[in-house]
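Numbering (the numbering used here), first residue to last: 257 to 571. Note that CB positions come from ideal geometry on N, CA and C, so glycine has one too. Quantities reported herein were computed from a predicted structural model and do not represent experimental measurements.
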Amino acid sequence: MNQILMIEKKRKQEKVKRQSSGRPMEVKSIVRFFAIIIAIFGIALVGEGTYAICKEAADKDPANQPKVMVSRAGDTVILNVEHTNEISKVIYSWNNGEATELPQGGKTAQEEILLPNQNSILNIIIEDMNGKRVSYQKEYMVEGMDITKPTINIQVADGSKKMTIIAEDETAMAYLSYQWEGQEAVREEAATENQTKIEKEINLTPGTKKIIIIAEDASGNIEQIEKEIVATTSKPKMQLLKDGQKIMIEASDEDGIKEIKLNLNGKQYVNSVNNLKYIKIGPALLQQGNNTILIEVTNVNGYTEKAATEILYNP
Numbered sequence: 257m258n259q260i261l262m263i264e265k266k267r268k269q270e271k272v273k274r275q276s277s278g279r280p281m282e283v284k285s286i287v288r289f290f291a292i293i294i295a296i297f298g299i300a301l302v303g304e305g306t307y308a309i310c311k312e313a314a315d316k317d318p319a320n321q322p323k324v325m326v327s328r329a330g331d332t333v334i335l336n337v338e339h340t341n342e343i344s345k346v347i348y349s350w351n352n353g354e355a356t357e358l359p360q361g362g363k364t365a366q367e368e369i370l371l372p373n374q375n376s377i378l379n380i381i382i383e384d385m386n387g388k389r390v391s392y393q394k395e396y397m398v399e400g401m402d403i404t405k406p407t408i409n410i411q412v413a414d415g416s417k418k419m420t421i422i423a424e425d426e427t428a429m430a431y432l433s434y435q436w437e438g439q440e441a442v443r444e445e446a447a448t449e450n451q452t453k454i455e456k457e458i459n460l461t462p463g464t465k466k467i468i469i470i471a472e473d474a475s476g477n478i479e480q481i482e483k484e485i486v487a488t489t490s491k492p493k494m495q496l497l498k499d500g501q502k503i504m505i506e507a508s509d510e511d512g513i514k515e516i517k518l519n520l521n522g523k524q525y526v527n528s529v530n531n532l533k534y535i536k537i538g539p540a541l542l543q544q545g546n547n548t549i550l551i552e553v554t555n556v557n558g559y560t561e562k563a564a565t566e567i568l569y570n571p
């Protein structure tokens, strides 16, 4: 009996020993697991903080900031923007006035902004595709300053042999220049210090050509225009001949005819002419009743003469 009790007691002691020795191992594993989780979370926080610091440092790097250049040309401010990132929009306003938003889509932007007539501050905001905004300001003192451009007036009639250019400024002119397409520029300086108008008469040669005209005043304000001029030594002449139901067109030009158009009751006929100085074309047939006729004759210099009439035809 005592032997049985001793065996049973021994088994209980072994069981208690196993249980008591197992608990510290379980606690140690749990502690180690949580320690690893905390360490990983800490590393993640450190990494995120380092990235934020690096990003902020990169954003503040002058090389990553938009490059804004503003210059004045007469009564206009020329705005140029360059950025390492794609520009989403450019916003500008004068003083605390209404803002103008310019959608963009590249890494550069350019805009011409009209100067106000009083001293003002130009506010500029550049926003890139990442939503980052950078602001700039520049003050312009214009009171008492001449910011008005000169005016250019061209006096010429189609087919004329002469053309007059008149450049005027409310203060003083500096020069007037003109340049025909494919030729050197001709410059006419102001003859006196306070001269407000420069007038230049030009002889025209036959043909259709573009001319660029520039006028600058004494304050450096510049106006420029480009215009196509049609010059000729003659004007086309035309005559409509009627023979019963038939009509004929008789046309002549000293320099030569290039094309004749006839619009008869809404239907158009085009006749190319090989630089002939005289031609007679037709016949075209009138319809019964009222007929509407439009004739256009163009000479080799590009000058066009037009004529319109109505003819009543009753057979």
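Sequence-distant residues of its chain with Cβ nearer than 7 Å to residue i (five each side left out)
i, result
"Glu-368", "Thr-332, Ile-334"
"Leu-301", "Residue placement at Leu-301 is flagged as unreliable, the pLDDT there being 46, under the threshold of 50; a coordinate-derived value is accordingly withheld."
"Pro-462", "Ala-487, Thr-488, Thr-489, Asp-511, Asn-557"
"Tyr-392", "Val-324, Ile-380"
"Glu-312", "No answer about Glu-312 holds up, because its pLDDT of 45 lies below 50 and its placement is not dependable."
Neighbourhood of residue i by C-beta distance below 8 Å, restricted to the same chain and skipping five residues each side
i, result
"Val-398", "Leu-371, Pro-372, Asn-373, Gln-374, Asn-375, Ser-376"
"Gly-538", "Leu-497, Lys-502, Ile-503, Met-504, Ile-505"
"Ala-308", "With a pLDDT of only 41 at Ala-308, under the threshold of 50, the placement of this residue in the model should not be trusted; the figure read from the coordinates follows. So no residue of the chain qualifies."
"Gly-353", "none"
"Ile-343", "Pro-322, Val-337, Gln-360, Gly-361, Gly-362, Lys-363, Thr-364, Ala-365, Ile-382, Glu-383, Asp-384, Met-385"
"Trp-350", "Pro-372, Ser-376, Ile-377, Leu-378, Asn-379"
Cβ-Cβ distance between residue i and residue j below 8 Å
i, j, result
"Glu-515", "Asn-527", "yes"
"Leu-574", "Ser-416", "The shown model of the chain, from 257 to 571, leaves out residue 574, and the question about it has no answer."
"Thr-420", "Glu-457", "yes"
"Ile-422", "Lys-453", "yes"
"Glu-445", "Tyr-431", "yes"
"Glu-479", "Ile-408", "yes"
"Val-326", "Lys-394", "yes"
Run of the beta strand (DSSP E) containing residue i, from where it starts to where it stops
i, result
"Asn-336", "332 to 338"
"Lys-394", "389 to 396"
"Leu-520", "502 to 520"
"Tyr-575", "Given a span of 257 to 571 for the chain in the structure shown, any question on residue 575 remains unanswerable."
"Asp-237", "No statement about residue 237 is possible, as the shown extent of the chain runs from 257 to 571 and does not include it."
"Gln-411", "407 to 411"
"Ala-446", "It is not in any beta strand (DSSP E) - Ala-446 carries neither H nor E in the DSSP assignment."
"Thr-356", "356 to 359"
"Asp-473", "463 to 473"
"Pro-571", "Run containing Pro-571: none; DSSP gives neither H nor E here."
"Thr-364", "364 to 370"
"Leu-541", "523 to 541"
"Met-325", "323 to 329"
"Ala-430", "429 to 436"
"Glu-383", "376 to 384"
"Lys-418", "418 to 424"
"Ala-487", "478 to 487"
"Ile-403", "That residue, Ile-403, is in no beta strand (DSSP E); it is neither H nor E in DSSP."
"Asn-341", "No beta strand (DSSP E) holds Asn-341; DSSP gives it neither H nor E."
"Glu-457", "453 to 459"
Nearest neighbour of residue i, chosen from the options [CA to CA]
i, options, result
"Pro-322", "Gly-353, Ser-344, Ile-382", "Ile-382"
"Leu-520", "Ala-471, His-339, Gln-543, Lys-465", "Gln-543"
"Gln-439", "Met-429, Glu-457, Lys-466", "Lys-466"
"Ile-406", "Val-346, Tyr-569, Ser-475", "The amino acid occupying residue 406 in the given sequence is Pro; Ile does not appear at that position. Of Val-346, Tyr-569, Ser-475, the residue nearest in Cα terms is Ser-475."
"Asp-425", "Thr-404, Met-419, Ala-413, Glu-445", "Thr-404"
"Ala-413", "Thr-340, Thr-560, Ala-446", "Thr-560"
"Ile-567", "Asp-402, Asn-547, Asn-320, Asn-450", "Asn-547"
"Leu-518", "Pro-359, Thr-554, Asn-351, Val-390", "Thr-554"
"Asn-586", "Thr-356, Asn-320, Met-325", "The shown model of the chain, from 257 to 571, leaves out residue 586, and the question about it has no answer."
"Thr-427", "Gln-435, Met-401, Asn-409, Glu-437", "Met-401"
"Lys-491", "Asn-477, Gln-411, Tyr-534, Tyr-569", "Tyr-534"
"Leu-532", "Val-390, Tyr-396, Ile-513, Gln-524", "Ile-513"
"His-339", "Asp-473, Val-390, Glu-472", "Val-390"
"Glu-437", "Lys-536, Asp-473, Met-429, Thr-464", "Thr-464"
"Lys-536", "Asn-477, Ala-447, Ala-507", "Ala-507"
"Asn-578", "Met-429, Asp-499, Tyr-396", "No answer is possible for residue 578: the residues shown for the chain start at 257 and end at 571."
Rounded distance between the beta-carbons of residue j and residue i, thought under 8 Å
i, j, result
"Lys-493", "Asp-509", "7 Å"
"Val-346", "Ala-365", "5 Å"
"Ala-540", "Leu-550", "With a Cβ gap of about 12 Å, Ala-540 and Leu-550 do not count as contacting."
"Gly-545", "Tyr-569", "7 Å"
Contact set for residue i: own chain, Cβ-Cβ below 6 Å, skip 5 residues either direction
i, result
"Ser-433", "Ala-441, Arg-443, Ile-470"
"Lys-562", "Glu-552"
"Glu-455", "Ile-422"
"Ile-468", "Gln-435, Glu-482"
"Glu-484", "Lys-466"
"Pro-571", "none"
"Tyr-348", "Thr-356, Ile-380"
Residue-chain proximity (residue i, chain C), Cβ-Cβ < 8 Å
i, result
"Lys-498", "Reference to chain C is not applicable here, since this structure consists of a single protein chain."
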